[in-house]
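Residue numbers (the working numbering): 4 to 421.
What follows is a short report on a single structure.
Listed below in C-alpha cells is the structure:
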C-alpha cells in the first residue's frame with residue numbers, strides 16, 4: 004500500500020493536467036546551453052523532481068528518470084509524461100529574458116518548487132556573471148539532503164489519534180460563476196504592484212496579501228455582475244505541512260480554506276470586509292484542522308488501495324475536473340532570492356484555473372508584488388473590473404503582460420511498464 008504522504012500522480016490527467024510553474028524574468032537574455040548544464044547538475048540535489056511515472060501493483064509511483072529533463076528555447080507548451088518531455092513530470096523552457104520551470108502539481112506545490120528554482124538560478128547566475136554569491140539559504144549539489152525534505156513530514160505526529168476539529172466549513176454549492184460554460188479559452192494576465200503600498204493597505208485594512216486580494220476579487224465580481232445574487236466563493240491556499248511544523252518537505256500538501264461573500268454582506272467597507280475574511284481564514288487554518296485533514300488523507304489512500312489502477316484513474320480524473328469555487332488565491336510566501344535579487348526583474352507563480360473560473364497566484368520579490376491572474380475564459384471584462392477595483396482604492400498597478408495560458412499539458416498515464 005502506498006504511504007499517505009506519497010503523491011497521487013493521477014490527480015493530473017490529460018483533461019485536467021493540474022500543472023504548475025515558476026516564471027522568472029531576468030535582466031538579460033537566457034543562455035539556453037548554460038541553463039541546460041545547470042538543470043542536469045541539479046539532478047543530484049533534487050532527485051525527486053527528475054522522475055517519471057511507473058505502475059507498481061495497483062498504483063502509480065514516481066521513479067528515477069535517467070533521461071535529461073527538457074530545456075527548450077520556446078514558450079510553446081509540451082506534454083509531460085510523454086516522449087517530448089523524455090517522460091519527465093517536469094520541464095524547463097525559456098524565451099528572451101524569461102524562463103519557467105513547470106511540473107505536475109501532484110508532485111509538489113509552490114513551496115516545494117521555489118527552492119529548486121532558486122538553486123537553479125544561483126548556479127546559472129554564478130556562471131553567467133562570474134560572481135561568487137553567498138550560498139546561504141540555497142540547496143546546492145554536494146549538500147546532504149535532509150530527511151525532513153524527502154521523508155514523512157508528519158512522522159512525529161499522532162495522525163491516527165486526530166479528532167474532528169470544532170469548526171468545519173460547509174462549502175457553497177450554488178456559487179457565483181464568471182464562465183457560462185461556452186468559453187474555455189484560458190488566459191493569463193501579469194500584474195506588478197508596489198510592496199510597500201500593498202502592505203500598508205493590508206495593515207490599514209486588517210488584511211494579509213491573500214485575504215486582501217480575495218476581497219478585491221469578490222468586489223470585482225460584484226462590479227462585473229451587480230445583478231447576481233449568488234455567493235462569491237474564494238478558496239485561499241494553505242500548506243498543511245507548514246501548519247504542522249515542517250516547511251522543508253517538497254511534497255504537495257496544499258489545501259484551501261474557503262471564504263464566502265454573500266450578496267447580503269456589502270463589500271463597500273474594505274476594512275470590515277478584510278476583517279471578516281481574515282476571521283474566516285483563522286477559524287479554518289488551525290493545526291487541528293490540518294491534522295484531521297491528514298487523517299482523512301490516510302483513509303482515502305486506504306480506500307483507493309482497494310481499487311484497480313484503471314478505476315482510480317477514472318475516479319480521480321472526474322473529481323479533479325469539477326469547479327468548486329468562484330476564485331482561488333495562493334501566496335507562496337517568499338520575499339527574496341537573496342544575492343540574486345538584482346538580476347531578477349519579475350517573478351510569477353503559475354497554475355491552471357482548474358477548480359475555479361479565476362485563479363490569482365501571488366509572489367513577491369525586489370519590493371514588488373507580482374500577480375499571475377489566470378482565467379478559463381477569453382473575455383477581458385472581469386480583468387477590467389478587477390483593475391478598476393484596484394484603481395478605485397488608489398492602489399498602483401502595472402499590467403506587465405497578457406497571453407494565452409501556455410502551461411505544460413499531460414499525456415495519459417500508461418498502466419503497463421514500457
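Even for Gly, the Cβ is constructed at its ideal location relative to N, Cα and C.
Segment contact: the stretch 406-413 against the stretch 188-202, three or more CB-CB distances shorter than 8 angstroms; contact assigned. By the Cβ neighbour-count rule, residue 285 is exposed, with fewer than 16 other Cβ atoms within 10 Å of its own. Looking at the DSSP output, residue 367 bridges to 372.
The residue among 381, 313, 120, 160 with its C-alpha nearest the C-alpha of residue 58 is 313.
In its chain, beyond the 5 residues on either side, 335, 352 have a beta carbon closer than 6 angstroms to the beta carbon of residue 113. Taking C-beta atoms as the reference points, residue 111 and residue 89 fail to come closer than 8 angstroms. When only Cα atoms are considered, residue 341 and residue 140 end up about 8 angstroms apart.
About 5 angstroms separates the beta carbons of residue 260 and residue 288, which is inside the 8 angstroms limit, making them a contact pair. Per the coordinates, the alpha-carbon of residue 95 lies some 7 angstroms from the alpha-carbon of residue 75. The beta carbon of residue 343 sits closer than 6 angstroms to those of 124, 128, all from its chain and outside the five residues before and after it, given in chain order. With a contact defined as Cβ atoms closer than 8 angstroms, residue 253 and residue 5 miss out at about 17 angstroms. DSSP places residue 285 in the helix class (H, G or I) of the three-state scheme.
Rounded to whole angstroms, the separation of the alpha carbons of residue 64 and residue 54 is 9 angstroms.
Leaving aside the five residues that flank residue 392 on each side, the residues in its chain whose CB is nearer than 8 angstroms to its CB run, in chain order, 219, 222, 223, 226. Each residue's CA atom was taken as its position, placing residue 246 and residue 23 some 22 angstroms apart. Under DSSP, residue 351 shares a beta bridge with 26.
Excluding sequence positions up to five before and after residue 348, its CB lies within less than 8 angstroms of the CB of 28, 29, 30, 100, 369, all in the same chain and listed in chain order. Contact holds between the stretch 374-381 and the stretch 169-185, because three or more Cβ pairs, one in each stretch, are under 8 angstroms apart. About 13 angstroms separates the Cβ atoms of residue 236 and residue 325, ruling out a contact at the 8 angstroms cut-off. Taken atom to atom, the span from the alpha-carbon of residue 315 to that of residue 388 is near 41 angstroms.
If you keep only unbroken alpha helix (DSSP H) runs of at least 4 residues inside the stretch 137-218, you get 150-153, 198-207. Within its own chain, the residues whose Cβ lies closer than 6 angstroms to the Cβ of residue 266, once the five positions on either side in sequence are excluded, are 232, listed in chain order. Residue 297 is classed as buried because its beta carbon has at least 16 other beta carbons within 10 Å across all chains shown.
In this structure residue 56 is in contact with residue 416, their Cβ atoms being roughly 6 angstroms apart against a cut-off of 8 angstroms.
With 16 or more other CB atoms across the displayed protein chains lying within 10 angstroms of its CB, residue 244 is buried. Annotated three-state conformation of residue 334 is strand, per DSSP. Separation of the CB atoms of residue 77 and residue 98 is rounded to 6 angstroms, and the pair is thereby assigned contact status at 8 angstroms. Of the other Cβ atoms in all chains shown, 16 or more fall within 10 Å of the Cβ of residue 212; this residue is therefore buried. Around the C-beta of residue 206, fewer than 16 other C-beta atoms lie within 10 Å, and the residue is accordingly described as exposed. Residue 398 and residue 200 have their alpha carbons spaced roughly 7 angstroms apart. The C-beta distance from residue 48 to residue 146 rounds to 6 angstroms, short enough to fall under 8 angstroms. For residue 102 and residue 350, the gap between their C-alpha atoms comes out near 10 angstroms. With respect to the 8 angstroms criterion, residue 262 and residue 239 are classified as neighbours on the basis of their beta carbons.
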